[in-house]
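Colleague: Below are the structure tokens for one structure; questions will follow.
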Amino acid sequence: MRPFRYELAGDDEGAIAAVAAAPGAAFIGGGTNLVDLMKLDVEQPSLLVDVSRLAHDRVELLGDGGVRIGAAVRNSDVAADLTVRSRFPVLAQAVLAGASGQLRNAATTGGNLLQRTRCPYFRDASKPCNKRGAGQGCPAREGDHRNHAILGASASCIATHPSDMAVALAALDASVDVAGPAGRRTIPLTELYRLPGEEPWVENVLERGDLVTAVEVPPLPDGARSSYRKVRDRASFAFALVSVAAVLEVRDGVVRSARIALGGVAPAPWRARAVERALMGAPVAEESFARAAVAELAHAQPLRDNAFKVPLAHHLIVQTLLDLSAAGA
Amino acid sequence: MRGDGGHVPVHADVALSINGETHRLSLDTRMTLLDALRERLGLVGSKKGCDHGQCGSCTVLVDGRRTKSCLALAVAQVGREIVTIEGLAEGDVLHPMQQAFIDHDAYQCGYCTPGQICSAVGMLDEVRAGWPSAVTEDLDAEAVVLGAAEVRERMSGNLCRCGTYVNIVPAILDVAE
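Chains as they are written, first to last, in my numbering: chain A, 150 to 478; chain B, 181 to 357.
As structure tokens, then:
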């Protein structure tokens, strides 16, 4: 670990100014990802600005029935919140599916969204990695890529985004409140992340000094149901091979609306827009769900060792939709 | 990758509350809570297994919540109440969880055991608070029904290479009653 100065932020303005002024500075929330990466010398900030005790520690029910979740709220508190559990089960399930009890107690909402990939080459500073350094190359392509992306990747990077919570929030059309040197703004979560393209080190649209302050989740349509399903090598405490977050609204045996996001398959939470389009007005039936899944996964670009994710994603999408539509029946 | 990084160690003076006592330390900002406990305070009950938040042998309670001390920076713990395995007993009276682990023979080499016990204590508080887990069927239920499957899921952040899980689970269920 490189030496660093540490400051406990007292307010947003101070935190933002401190990070904006120092090129090597980073915000720290629970530290469950950042401290891990600092031990690996993948992250080497020279200044840590601790934002975990800022007044963004509340889950608020909003007037329209949505919720605003402060960026400093710990993952455990998001999942335990009764409003989240009853109105947005997909979100509670997604958070509970991630990490371990101890990690969920420390990890913050903001930190969870911005956590970095688990790619073993990225995490090993002795290995080349285009995300860590432009032009270094991507050894995963010909090497160990069983858990890498089948959608949204590029020639320079095939890493996936590891967050479960972000997948649920993508399906929920959540938005992210950001405060920064240029002022405050709100970004749809689906527009927060950048696909690697030719600049895999750029993972999101945030600028230096931008601080996530809250996530807002709009209410679900009346009668819509939601759930999160995760497939992984172990029954617990493992990242997703493939996961699905689904929000489904059914009326008279026909899909009125559907929002589906996939995890474990792309460099960012992946809204399955082709599935959603194919489902609109479709009868609730396995054939419709299967056809919709095929429409999305036709664009998949599997590699030598992760092609299993394509049929896995297909079956998971179909099964999740079947379960959701049966639950509502 | 990010920033040029400093090269000269930075020290900070902090007051840490551990097991009810305040300790004033001057430490390198890079020092984790785990290393502060073991190296500076002689509290070697908390163990360093993986040092990356994966094995759970470093688990302590911070403000009553189970936390992996290997990923917690010591300088970030100012103002928090930390309880380690050494702080669970009251004098000579073992904490019920410690006693249950003995009664159920829930350890072999003992290396993961302090972390298991602290994690289990924190976990039962979470159960009492009605927190659901990934295997909880009814998310809307305000009370948790604790069985073996719930215990295993909730304790999945604590690994045991000796394989004493088979006795850890009944030990925890025993205390939960």
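Backbone N, C-alpha and C fix where the C-beta goes; we use that ideal spot for every residue, glycine too.
(1) When you compare the CB of Lys188 of chain A with every CB in chain B, is at least one pair closer than 8 Å?
(2) Taking C-alpha atoms, which residue in B:Val307, B:Val315 and B:Ile262 lies nearest to Thr202 of chain B?
(3) Along the chain, where does the beta strand (DSSP E) that runs through Gly329 of chain A open and close?
(4) Let me know the secondary structure DSSP gives Tyr345 of chain B once reduced to three states.
(5) Which stretch, first to last residue, makes up the alpha helix (DSSP H) that contains Thr293 of chain B?
(6) What are the boundary residues of the beta strand (DSSP E) that includes Pro194 of chain A?
(7) When you compare each of A:Arg207, A:Gly179, A:Ala373 and A:Arg217 to Leu197 of chain A by their alpha carbons, which one comes out closest?
(8) Have a look at the DSSP bridge pairing and note the partners of Asp193 of chain B.
(9) Could you tell me whether the Cβ atoms of Val349 of chain B and Ala254 of chain B are closer together than 8 Å?
(10) Shorter than 8 Å from the beta carbon of Ala256 of chain B to some beta carbon of chain A?
(11) What does a CB cutoff of less than 7 Å around Trp419 of chain A pick up in its chain, not counting 5 residues either side in sequence?
(12) Kindly indicate which three-state DSSP category Leu240 of chain A falls into: helix, strand or coil?
(13) When you compare the CB positions of Val433 of chain A and Gly402 of chain A, do they come within less than 8 Å of one another, or not?
(14) DSSP three-state call for Ser392 of chain A: helix, strand or coil?
(15) Please go through the same chain and pick out, in chain order, the residues whose beta-carbon is closer than 6 Å to the beta-carbon of Ile177 of chain A, but skip the five residues on each side of it.
(16) From A:Asn254, A:Ala248, A:Arg267 and A:His205, pick the residue whose C-alpha is nearest to that of His294 of chain A; which is it?
(17) Would the beta-carbon of Thr469 of chain A fall within 8 Å of that of Ser385 of chain A?
(18) Met277 of chain B CB to nearest chain A CB: under 8 Å?
(19) Relative to the C-alpha of Leu263 of chain A, which residue among A:Leu355, A:Asn279 and A:Glu425 is closest?
(20) Can you list, in chain order, the residues of its chain with a C-beta nearer than 7 Å to that of Thr344 of chain B? Leave out the 5 residues immediately preceding and following it.
(21) Output yes or no for whether 8 Å exceeds the beta carbon distance between Cys298 of chain B and Leu217 of chain B.
(22) Would DSSP call Glu270 of chain B helix, strand or coil?
(23) Which residues, in chain order, does the segment 330-346 of chain B contribute to contact with chain A at a C-beta distance below 7 Å?
(24) I want to see whether chain A comes within less than 8 Å of Ala309 of chain B, judged by CB atoms only; does it?
(25) Taking Cβ-Cβ distances below 9 Å as the criterion, which residues of the segment 445-470 of chain A are in contact with chain B?
(26) By the 10 Å Cβ neighbour count, where 16 or more other Cβ atoms means buried, how is Thr385 of chain B classified, buried or exposed?
(27) Indicate the three-state DSSP secondary structure (helix, strand or coil) for Asn353 of chain A in the structure shown.
(28) Determine, using beta carbons only, whether Arg223 of chain A and Arg253 of chain A come nearer to each other than 8 Å.
(29) Specify whether the segment 378-395 of chain A and the segment 351-367 of chain A touch according to this definition: at least 3 beta carbon pairs, one from each stretch, less than 8 Å apart.
(30) Mind listing the chain A neighbours of Lys190 of chain B? Cutoff is C-beta to C-beta under 8 Å, in chain order.
(31) Name, going along the chain, the residues of the segment 188-217 of chain B whose beta-carbon falls closer than 7 Å to a beta-carbon of chain A.
(32) Beta strand (DSSP E) containing Ile177 of chain A: first to last residue?
(33) Would you report the Cα separation of Ser195 of chain A and Ala167 of chain A, rounded to the nearest angstrom?
(34) Among the residues of its own chain, which have a CB less than 6 Å from the CB of Ser437 of chain A, if the five just before and after it don't count?
(35) So, for Asn347 of chain B: in the same chain, excluding its five sequence neighbours on each side, which residues have a beta-carbon less than 7 Å away from its beta-carbon?
(36) Pull up the distance between the alpha-carbon of Val244 of chain A and that of Ser336 of chain B, whole angstroms please.
Modeller: Looking at the atomic coordinates:
(1) Lys188 of chain A counts as touching chain B.
(2) Looking at B:Val307, B:Val315 and B:Ile262, the one whose alpha-carbon comes closest to that of Thr202 of chain B is B:Ile262.
(3) Here the beta strand (DSSP E) through Gly329 of chain A covers Ser324 to Gly329.
(4) Reduced to three states, the DSSP call for Tyr345 of chain B is helix.
(5) Run containing Thr293 of chain B: Thr293 to Arg308, per the alpha helix (DSSP H) assignment.
(6) Premise fails: Pro194 of chain A is in no beta strand (DSSP E) and is neither H nor E.
(7) Looking only at A:Arg207, A:Gly179, A:Ala373 and A:Arg217, the smallest Cα-Cα distance to Leu197 of chain A is reached by A:Gly179.
(8) Under DSSP, Asp193 of chain B shares a beta bridge with B:Ser206.
(9) No; because the gap between Cβ atoms is not below 8 Å, this pair is not in contact.
(10) Cβ-Cβ to chain A under 8 Å: yes for Ala256 of chain B.
(11) Excluding sequence neighbours, Trp419 of chain A sits near Leu300, Gly301, Ala410 and Leu411.
(12) In the three-state DSSP reduction, Leu240 of chain A falls in the helix class (H, G or I).
(13) Contact flag set, yes.
(14) Three-state result, Ser392 of chain A: strand.
(15) Leu183, Leu197 and Asp199.
(16) Of the listed residues, the one whose Cα sits closest to His294 of chain A is A:Arg267.
(17) With respect to Ser385 of chain A, Thr469 of chain A sits apart: the two C-beta atoms are not nearer than 8 Å.
(18) No, Met277 of chain B lies away from the interface with chain A (no Cβ there is under 8 Å from its Cβ).
(19) Distance check between Leu263 of chain A and each of A:Leu355, A:Asn279 and A:Glu425 places A:Leu355 closest, using alpha-carbon atoms only.
(20) If the five residues before and after Thr344 of chain B are omitted, its C-beta is found closer than 7 Å to the C-beta atoms of Ala286, Tyr287 and Gln288, all from its own chain and listed in chain order.
(21) Cβ atoms of Cys298 of chain B and Leu217 of chain B: not closer than 8 Å.
(22) Correct three-state label for Glu270 of chain B: strand.
(23) For chain A, the residues of the segment 330-346 of chain B that bring a beta carbon within less than 7 Å of one of its beta carbons are Glu333, Arg334, Ser336 and Gly337, in chain order.
(24) At least one chain A Cβ lies under 8 Å of Ala309 of chain B.
(25) Within the segment 445-470 of chain A, no residue qualifies.
(26) Residue 385 of chain B lies beyond the range of chain B shown here (181 to 357); nothing can be said about it.
(27) Strand at Asn353 of chain A.
(28) Closer than 8 Å, so yes.
(29) As far as the Cβ criterion goes, the segment 378-395 of chain A does not touch the segment 351-367 of chain A, which means the pair count is below three.
(30) Before going further, note that residue 190 of chain B is Val rather than Lys in the sequence given. Those are Pro152, Phe153, Arg154 and Tyr155, listed as they occur along chain A.
(31) From the segment 188-217 of chain B, only Val188, Pro189, Val190, Ala192, Thr209 and Arg210 have a Cβ closer than 7 Å to chain A.
(32) For Ile177 of chain A, the enclosing beta strand (DSSP E) begins and ends at Ala174 to Ile177.
(33) Annotation: Ser195 of chain A to Ala167 of chain A spans about 12 Å, alpha carbon to alpha carbon.
(34) The beta carbon of Ser437 of chain A lies closer than 6 Å to those of Ala431 in the same chain, with the five residues before and after it left out.
(35) Cβ neighbours of Asn347 of chain B beyond the five flanking positions: His284, Asp285 and Ala286.
(36) The straight-line gap from Cα to Cα measures roughly 15 Å.
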